[in-house]
Amino acid sequence: MGEKLERLKEHIGKVTDLQFAAAVLSWDQEVYMPENAVGPRSAQLATLSSMAHELFTSDTTAAMLEAAEAEVAGMDYDSDDASQVRVTRRIFDERTKIPTELVERESKATSEAFVAWRKAREADTYATFQPHLSELVDIQVEKAGYLGYEDHPYDALLNQFETGMKTAQVEALFNDLRTGLVPLVHEIAAQPPVDDSFLEEGKYDQQRQWDFTLLLLHDMGYDFTRGRQDKAPHPFTIEFGNSDVRVTTRLFDNRPQSAIFSTVHEGGHALYEMGSPDRFERTALAGGSTLGLHESQSRLWENQVARSLPFWRYYFPILRAFFPAQLQGISLEQFHRAINKVEPSLIRVEADEVTYNLHIFVRFELEKDLITGALKVADVPDAWNAKYEEYLGITPPNNALGCLQDIHWSHGTIGYFPTYSLGNLMSAQIYDMAREQIPGLEKGYTRGEFAPLLSWLREHVHSHGSKFTAPELMQREFGQTISAQPLLTYLREKYTTLYGL
Ligand code: ZN
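Position in the sequence shown (from 1) plus 285 gives the number in the numbering used here.
(1) At a cut-off of 7 Å, would you count Glu580 as near the ligand ZN, judging by its Cβ distance to the nearest heavy atom?
(2) How many whole angstroms separate the CB atoms of Leu707 and Glu447, which I take to be in contact at a CB cut-off of 8 Å?
(3) Would DSSP call Lys516 helix, strand or coil?
(4) Using CA atoms only, rank isn't needed, just tell me which of Gln445, Thr395, Ala405 is closest to Asp423.
(5) Cβ of His338 within 7 Å of any heavy atom in the ligand ZN?
(6) Do the region 617-626 and the region 401-412 make contact, defined as three or more Cβ pairs closer than 8 Å?
(7) Tell me, please, whether the CB atom of His550 is closer than 8 Å to any CB atom in chain C?
(8) Pick helix, strand or coil for Val479, following the three-state DSSP scheme.
(9) Helix, strand or coil, according to DSSP, for Ile624 in the structure here?
(10) Who pairs with Val530 in a beta bridge, going by DSSP?
(11) Cβ of Lys382 within 8 Å of Cβ of Tyr439?
(12) Among residues of its own chain, excluding the 5 on either side of Lys653, which ones have a beta-carbon nearer than 7 Å to its beta-carbon?
(13) Using 7 Å as the cut-off, classify the Cβ of His554 as near or not near the heavy atoms of the ligand ZN, replying yes or no.
(14) Could you give the C-beta distance for Gln369 and Ala569, rounded to a whole number, given that I count them as a contact under 8 Å?
(15) Are Val388 and Lys626 touching if we call contact CB-CB under 8 Å?
(16) Any heavy atom of the ligand ZN closer than 7 Å to the beta-carbon of His644?
(17) Once the 5 residues before and after Phe537 are set aside, which same chain residues still bring their CB inside 6 Å of it?
(18) Look at the alpha carbon of Thr346 and the alpha carbon of Gly433, and state the distance between them as a whole number of angstroms.
(19) For Ser748, which residues from the same chain have a beta carbon less than 7 Å from its beta carbon, with the 5 sequence-adjacent residues on both sides left out?
(20) Taking only the alpha-carbon atoms, compute the straight-line gap between Gly577 and Phe702 and give it to the nearest angstrom.
(21) For Met505, name the three-state secondary structure that DSSP assigns.
(22) Tell me whether Pro384 sits in a helix, a strand or coil according to DSSP, three-state version.
(23) Return yes when at least one heavy atom of the ligand GDP lies under 7 Å from the C-beta of Ser706, else no.
(24) Excluding the 5 residues flanking Arg380 on each side, which residues of the same chain have their C-beta closer than 8 Å to its C-beta?
(25) Pick out whichever of Met336, Glu315, Ala663 has its Cα sitting closest to the Cα of Ile297.
(26) Give the straight-line distance between the Cα atoms of Phe237 and Leu442, rounded to the nearest whole angstrom.
(27) Report the rounded CA-to-CA distance for Asn588 versus Lys289, giving the unit in angstroms.
(28) Mind the definition here: the region 457-477 touches the region 526-534 only if three or more C-beta pairs lie below 8 Å; say whether that holds.
(29) Note down, in chain order, each residue of its chain lying with its Cβ closer than 7 Å to the Cβ of Tyr507, except the 5 sequence neighbours on either side.
(30) Skipping 5 residues on each side, what residues in its chain have a beta carbon closer than 8 Å to that of Arg374?
(31) For a test of the three-state rule: what should DSSP assign to Lys294, helix, strand or coil?
(32) Would you say His550 touches the ligand ZN, meaning its beta carbon is less than 7 Å from a heavy atom?
(33) By the DSSP assignment, the alpha helix (DSSP H) with Ala739 in it spans what residues?
(34) For Phe565, name the three-state secondary structure that DSSP assigns.
(35) Closest to Phe399 by C-alpha separation, out of His696, Leu739, Thr766, Ile767, would be which residue?
(36) Going straight from the alpha carbon of Gly733 to that of Phe497, what length do you get?
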């Protein structure tokens, strides 16, 4: 490696240290911090974040980047060195294109909007949130202008979360997916409902649930010498480099599947981060790539693996040993049907894997129209409800269960939602390849063996860190573009069997 690139990497290493130090404070805030520490903690976080931002967007970085660019000119696109410079440049341009004045205005508007959103959701008064949402949408439109785009202003916002994807591509993928999904949802809805009362109405000791989730994490290959699990109201994964990747889960007395799938989901995110190579540490290439790719990893473990019958052939007897009274007389097949129950519902985060993407379509379509001005902020509740009726056949009885349910818009985050569905699409594509290439993959689950899957994912996905965008990685590793068909085929096959369609 050249001397100029070496200097750039040392510099970026310091920025990364500041960011991870701030991340440790955020983790603590979510998990352990006493309530009254909010004020000083916000100040500590703001100080560290702005130091990291200033250092990163400084003239020093600009000069170092230019020097390193000259040094790696002509190198192979896939090489570590060229990728270091390319990815650092992309992030640098993104951060420096937006004027500080707008960043500050957004930060202020967001803090106020978040408080207003929480109150509006509690009291079910959209009108009090509306002016805040208007302001945030205006800021996002302005931001799109600074970030720049060729075809659609939404492209600029989407690119912050899913580099390399365009609105038109997402529209085409979602059209394909919707065309296949809507009839499947209707066919399932016409079947007798699945009985999951032993889960929904049961009482499951939380300590035992906790112990079971730790067992799952361990078996997946999660390394407890480089991470830990804690409890949090909204489960998440957070990393401070590849040697400290922490997950959270949440426990309820009933619905033990909530903790189980939340742990496996976050575990999938964590394995991706833990699998990022040591040589990328403290650089722009460390950790997982786009949000869509990240979600492909969590969803693959959660749905394709942990909601499968082979998986529960091994774990159901173990779970029954944890909860003999609650699961007495319940067969493996009954349990498997219950954890895969499909039911159109109002809340995205509780949706099953068949209806989940319909929730995303609603948000994506409304966001696009908000950004172009085709939809007025005042008309969001009506538009939201009409789309829920159209796609899911249900209408929210109020806005708290409708357009006020997600935290994203209160953070001014527009362009993020599509990454959830892109992740679902890629999870099916990647899993198909794994099944093709790993002999006896699912047979191994019946013995609690996941090491072949993990090492395959390490090789094809994790080992690249964030070197490639999602379309690049899918092309290089699997010779594929992102497509809806594998997910549709997987869902159609699985639910035809489960529901006897
Ligand atoms: Zn996730």
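Glycine included, each C-beta is placed from N, C-alpha and C at the ideal position.
On the basis of the coordinates in this document:
(1) Yes.
(2) Yes, they are in contact, since the Cβ atoms of Leu707 and Glu447 sit about 6 Å apart, within 8 Å.
(3) Here Lys516 sits in strand by DSSP.
(4) Cα-wise, what sits closest to Asp423 is Thr395.
(5) His338: no, Cβ never under 7 Å from the ligand ZN.
(6) No, the region 617-626 is not in contact with the region 401-412.
(7) Given the protein chain composition of this structure (a single chain), no chain C is represented.
(8) If DSSP states are grouped into helix, strand and coil, Val479 belongs with coil.
(9) Of the three classes helix, strand and coil, the one that applies to Ile624 here is helix, per DSSP.
(10) Answer is Glu524.
(11) Against a cut-off of 8 Å, the Cβ pair of Tyr439 and Lys382 comes out as no contact.
(12) Here the set comprises Tyr439, Thr452.
(13) Checking the Cβ of His554 against the ligand ZN gives yes.
(14) The C-beta distance from Gln369 to Ala569 rounds to 6 Å, short enough to fall under 8 Å.
(15) No, Cβ-Cβ distance for Val388 and Lys626 is not below 8 Å.
(16) Flag unset: Cβ of His644 not near the ligand ZN.
(17) Excluding sequence neighbours, Phe537 sits near Ser543.
(18) Distance between the alpha carbons of Thr346 and Gly433: 22 Å.
(19) The answer, listed in chain order, is Gly560, Pro562.
(20) Using only the alpha carbons, I get a separation of about 10 Å.
(21) Here Met505 sits in helix by DSSP.
(22) In this structure, DSSP gives Pro384 a state outside helix and strand, which the three-state scheme calls coil.
(23) As for the ligand GDP, it is missing from this structure, which binds only the ligand ZN.
(24) Cβ within range, chain order: His338, Phe341, Thr342.
(25) The residue with the shortest Cα to Cα distance from Ile297 is Met336.
(26) The first residue shown for the chain is 286 and the last is 786, placing residue 237 beyond what the model contains.
(27) Note on geometry: alpha-carbon atoms of Asn588 and Lys289 lie some 45 Å from one another.
(28) For the pair of segments examined, the region 457-477 was found not to touch the region 526-534: the number of CB pairs separated by less than 8 Å stays below three.
(29) In its chain, beyond the 5 residues on either side, Gly552, Ala555, Leu556 have a beta carbon closer than 7 Å to the beta carbon of Tyr507.
(30) Taken in chain order, the residues that qualify are Leu350, Glu354.
(31) Three-state result, Lys294: helix.
(32) Yes, the ligand ZN has a heavy atom inside 7 Å of this Cβ.
(33) Residue 739 is actually Leu in this sequence, not Ala. Residues 736-745.
(34) In the displayed model, Phe565 falls within a helix according to three-state DSSP.
(35) The option with the nearest alpha carbon to Phe399 is His696.
(36) So the two alpha carbons sit approximately 14 Å from each other.
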